[in-house]
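Asks: Numbering (my numbering), first residue to last: 1 to 953. For each residue, glycine too, the CB sits at the ideal point set by N, CA and C. Since the structure is predicted, the reported quantities are computational estimates derived from the model, not experimental observations. Dumping the structure here so I can ask a few things about it.
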Amino acid sequence: MDSTFHPQSIEQHWYQEWEKRGYFAPSGTGDPFSIMIPPPNITGRLHMGHALQYSIMDALIRYRRMQGRNTLWQVGTDHSGIATQMVVERNLATEGEPDRRALGREKFVAKVWQWKEESGGEIIQQMRRLGNSVDWENERFTMDEDFSNSVQEAFVRLYEEGLIYRGKRLVNWDPKLLTAISDLEVENRETSGKMWHIRYPLADGKTTASGDRFIVVATTRPETLLGDTGVAVNPEDPRYRDLIGSQVILPLVNRPVGIVGDDHAQMDKGTGCVKITPAHDFNDYAVGQRHNLPMINILTKSASIRQSAECLNSDGSDNNDIDALIPQKYRGLNRFEVRRQIIADLEESGALHAIEDNDMTVPFGDRSGVAIEPMLTDQWYVDAKKLAVPAVSAVEKGRIKFVPQQYENMYFAWLRNVQDWCISRQLWWGHRIPAWYDDNGHVFVGNSETHVREKYQLGMRPLHQDPDVLDTWFSSALWSFATLGWPKQTNRLALFHPTSVLVTGFDIIFFWVARMVMLSMHFLRDDDGQPQVPFETVYVHGLIRDEQGQKMSKSKGNVIDPLDMIDGISLEDLQAKRTANMMQPQFAKKIAARTKKQFPQGIEAYGADALRFTLCALASTGRDINWDMKRLEGYRNFCNKLWNAARYVLLHTEGCDCNGDTDGYELSLADQWIVSRLQAAQTDVEHALNNYRFDLASQALYDFVWNEYCDWYLELSKPVLWDENGRQTLKTGTRRTLVRVLEAILRLAHPMLPFITEEIWQSIAPLANIDGDTIMQRPYPKADPALINLEAESDIEWLKSVIVGIRSLRAQMNISPAKLLSVVLEKGGAEDHRRLQQNNQFLCKLAHLSEINWAAEGEEVPVSMTAIAGDLEILVPLAGHVDIEDERQRLSREVNKLHTEIDKLEAKLSNASFVNKAPSHIVDKERQKLEELRTSDQILRDRLAAVSRIESN
RNA sequence: AGGAGCGUAGCUCAGCUGGUUAGAGUGCCUCGUUGACAUCGAGGAGGUCGGCGAUUCGAGUUCGCCCGUUCCUACCA
């Protein structure tokens, strides 16, 4: 073995072996345990969020697999309608090929498939580098035939049950991508804009209560006045209530519109008068519905002014009565140009009353980055309100548990106020809506055109299919069961659904988690007829941010690719990567400079184990996880520590009897101690993993391996193994313990450190007489209470405190660690004598002592430095080592420290209410503590007196 | 505006149902190349746990208010 750990030399090899040997597939025996991967977008590449999520899922899966569960980690990818379509369109453009429209739908979709085969799902390959033990045999893609059939089936059933309907509604419209998007795909951004106050003259010579011949409306979007169909005032408002029912004349277009009374208009807000544009604003739409105001659509799909307005009644039917002529000069202007023009014209005509600065939040499409427009279109909707009822109760009743629990609030908040879900998208890539129209606009829903014709006896009448596709989240909502074969009642579905746990980020609780619960509970039933939940637990992890707590994003240039941490990357390559294909190339220089500052040498290769372990260690209950390269380095060092511990063990055990097969074995105190401590570590790690506390699990493991096994046990094994006169049976006992504890450590660590543990285990396991081809299939360690040995633990604690006491004296007095010391022990009890006798050898070796002597009662001891271990006094004779004054000062410091403690305790114990009211075991504990401190204090003060005496002589 | 999270050592974070001398990693200081490991070893410094108040014998931990910070939802005529 090399003296440093080189992850790259083992990782790929082991992954290929595991995959080749089929270890990832469900074993077919044991209780089922299943996790569905949140299907990554096929256009995506692995980022830190994935790495975190996958490290956690793989840790869970490996843990349960080792516990003997029948384990499925379902893998697959999502077709991601908009994102994928955008990628392929961009590729066509850069390659100078005809665009989507020129190609036509069929050819374009073929291009998307071709792209998918060539470069889609790269992320799936990257998962292998992380070591993910997913069931590759059953990988799924949401656009595969089987999955598509499931999606279609779900749509048809929901439609037939009246839970899907089609309607003309105001939707969030993306004028760049030319599709409806859900409000979850809308990102609200703070922007500073203006508020324009516009005079609307009153018709028929009316005046306001204060005598004005006009009313003033305020708006942030003056261009929409072309589509106004009313003005609302509050019915209680004394200024305007008498005007309800009369009319105003819209400036620039000179169209009369009515004044309505509606609570939507608040008296104390703005001017108290609100212009109503039902076709272009969600609130106005609602007002329009209440007052039967017509709707005038003035915008084209790409948000320019139409040649002629589209007029509809409030029920969506055509309205041919209104003269909604759009002045020639505005036609064809885009929404920003027309705003400028309208403002100029209003100003010129004197209708512009005032302008003020106004900060507001404006909705942007999260994919396209352009401001979205509320737009009146025909869309398909899911009646989410009905589906939400059981979904809410499943969490209320605890059938689904959120970890951490607080996230259920987010889930409830959304579901209890859920809006109908617009599921149609005006895209070409996705599941085509299985609906056909005849020439009269009648709609027929079914699994295919043939099927529809038969079912509705349509004969040969011409039909055309709805051109739209379904929202990608509609298919993802079926993920937990459609991947298992639904609607077919497969064995996999029966076995693995409901799944055991869903691991996901809180940002998609609405998008995905809630919707999966709704649809699973609608379509699936438990054996007792109850709606079936998709998962029993939702483990919600935090979001990874950079060192400064900033979200990692391409535009900020602070993205770190997990693979670069595994394999390493040069500064130049990293800079190139961070500045390639930027949306805003002007930042490239800054990003390159910052990258150079942050990673002057590029990034080292840390390996997948270190990365995974770090991610687990950072996965605490908080919502944000700030990434820290230093932590990664620390845990890489941990891997190296484990590696070298294994080297040490192999060095002393290979080719030796490690099991006592020939002459038996006996266990030293240290052996019994480490075995006892191992039980505690196993309990802690298991408890942490059962509670999804990966940070605590990694911490417990780290502590045990480094601070107990390596720092103490390996050191304690040296005096035994290096003692030429030592008993063979004792050496065998130590070798046996070295090997067996290490073997247990490897299994304990395997879920979080799969590669290094497998590599080491291959050499260690045979020494412990363990058969088996892989650590993956060995049982997970479980604590055995019979092996807990509290006496051994306290004996070793004693030993450690004596050793630390001596080392500390040495360091404080600047005595070279190389110098052998002779120490004198004084006071102490029978227990101390016994312990010294049993551990003399350990003590001498680890504290680097030449000899240890007990001072007899009353014997004159040399002038010494003193350390305390319990009521045992440890004396290191001063002679030749240090200045007496130094020692006097050191002792004074110690005494002072003790005194503040003693004072605190005395105050506490003299407080009657504490003694009376606190539980007696607490009081006893405090009393005992005080006793110990007083003993130490006495010893130190005696020493101090002795030293001072000598000094004054 | 409503809701949530966070605020503990220079930095990144643990601290469970109230009782420790408040912990870890990293950084810092001192010393150290003896045969697992300098990706190391030994020792050490460093915190009035955001502020104020309440409950309690006892609060980093429970409650209230405030401050800072991040996010979500809603609204913005």
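Along the chain, where does the beta strand (DSSP E) that runs through residue 36 open and close?
Replies: It spans 32-36 - the beta strand (DSSP E) in which residue 36 sits, taken as one unbroken run.
Asks: Is the segment 470-487 touching the segment 150-162 in the sense that three or more CB pairs, one from each, lie closer than 8 Å?
Replies: yes
Asks: Compute the Euclidean distance between the alpha carbons of residue 333 and residue 376, then round it to the nearest angstrom.
Replies: 19 Å
Asks: Under a three-way DSSP split, which group does residue 616 fall into?
Replies: The three-state reading of DSSP puts residue 616 in helix, counting H, G and I together.
Asks: I'd like to know whether the C-beta atoms of residue 180 and residue 476 end up nearer to each other than 9 Å.
Replies: no
Asks: Spatial neighbours of residue 452 within its chain, please: C-beta separation below 6 Å, excluding the five flanking residues on both sides.
Replies: 436, 444 and 446
Asks: Since residue 827 is in the beta strand (DSSP E), which residue starts that stretch and which ends it?
Replies: 821-827
Asks: Is the segment 112-121 touching the segment 15-35 in the sense that three or more CB pairs, one from each, lie closer than 8 Å?
Replies: no
Asks: What is the C-beta distance between residue 478 and residue 519, in whole angstroms, given that I count them as a contact (C-beta under 8 Å)?
Replies: 6 Å
Asks: Going by alpha carbons, who is nearest to residue 764 out of 701, 648 and 788?
Replies: 648
Asks: Looking at residue 617 and residue 129, is the spacing between their C-beta atoms short of 9 Å?
Replies: no
Asks: Considering only residues of the segment 802-871, which uninterrupted beta strand (DSSP E) runs meet the minimum length of 3 residues and lie entirely inside it, listed in chain order?
Replies: 821-827, 849-854 and 864-869
Asks: Hey, residue 625 and residue 545 are a contact pair by Cβ (cut 8 Å); roughly how many whole angstroms apart?
Replies: 7 Å
Asks: What did DSSP end up calling residue 307 once you bin it into helix, strand or coil?
Replies: strand
Asks: Take the Cβ of residue 529 as the centre, count every other Cβ of all protein chains shown within 10 Å, and call the residue buried at 16 or more, exposed below.
Replies: exposed
Asks: Can you name the residues that DSSP bridges to residue 261?
Replies: In the DSSP assignment, residue 261 forms a beta bridge with 233.
Asks: On the three-state DSSP scale, how would you describe residue 14?
Replies: helix
Asks: Which complete beta strand (DSSP E) runs does the segment 55-133 hold, if anything under 3 residues is left out?
Replies: 70-74
Asks: Check whether the segment 50-64 touches the segment 77-97, counting contact only when three or more Cβ pairs, one atom from each stretch, lie closer than 8 Å.
Replies: Counting Cβ pairs under 8 Å, fewer than three are found: no touch.
Asks: For residue 330, does the three-state DSSP call read helix, strand or coil?
Replies: helix
Asks: Where does residue 522 fall in DSSP's three states?
Replies: Secondary structure of residue 522 (DSSP, three-state): helix.
Asks: Would you list, in sequence order, the uninterrupted alpha helix (DSSP H) runs of no fewer than 4 residues that lie entirely inside the segment 664-696?
Replies: 669-690
Asks: If you measure between the beta carbons of residue 615 and residue 749, is that distance less than 9 Å?
Replies: For the 9 Å CB-CB criterion, residue 615 and residue 749 do not form a contact.
Asks: By the 10 Å Cβ neighbour count, where 16 or more other Cβ atoms means buried, how is residue 66 classified, buried or exposed?
Replies: buried
Asks: Along the chain, where does the alpha helix (DSSP H) that runs through residue 155 open and close?
Replies: 145-160 is the extent of the alpha helix (DSSP H) around residue 155.
Asks: Considering residue 322, what are the terminal residues of the beta strand (DSSP E) in which it resides?
Replies: Careful: residue 322 lies outside any beta strand (DSSP E) and carries neither H nor E.
Asks: Shortest alpha-carbon distance to residue 84 belongs to which of 230, 928 and 100?
Replies: 100
Asks: Would the segment 658-666 count as touching the segment 13-21 if we require 3 or more Cβ pairs under 8 Å?
Replies: no
Asks: Shortest alpha-carbon distance to residue 695 belongs to which of 542, 550 and 773?
Replies: 542
Asks: Please return the same chain residues whose Cβ sits closer than 6 Å to the Cβ of residue 432, not counting the five positions on each side in sequence.
Replies: 469
Asks: With the cut-off set at 9 Å, would you say residue 846 and residue 746 are in Cβ contact?
Replies: no
Asks: Which residue wins for smallest C-alpha separation from residue 699, given the options 682, 279 and 814?
Replies: 682
Asks: Where residue 44 and residue 120 are concerned, what is the direct C-alpha to C-alpha distance, given to the nearest angstrom?
Replies: 8 Å
Asks: Cutting at 8 Å between CB atoms, please list the residues of its own chain near residue 490, excluding the five before and the five after it.
Replies: 484
Asks: In the DSSP assignment, find the unbroken beta strand (DSSP E) run with residue 168 in it and report its ends.
Replies: 164-174
Asks: Hey, residue 868 and residue 823: beta-carbon distance below 9 Å or not?
Replies: no
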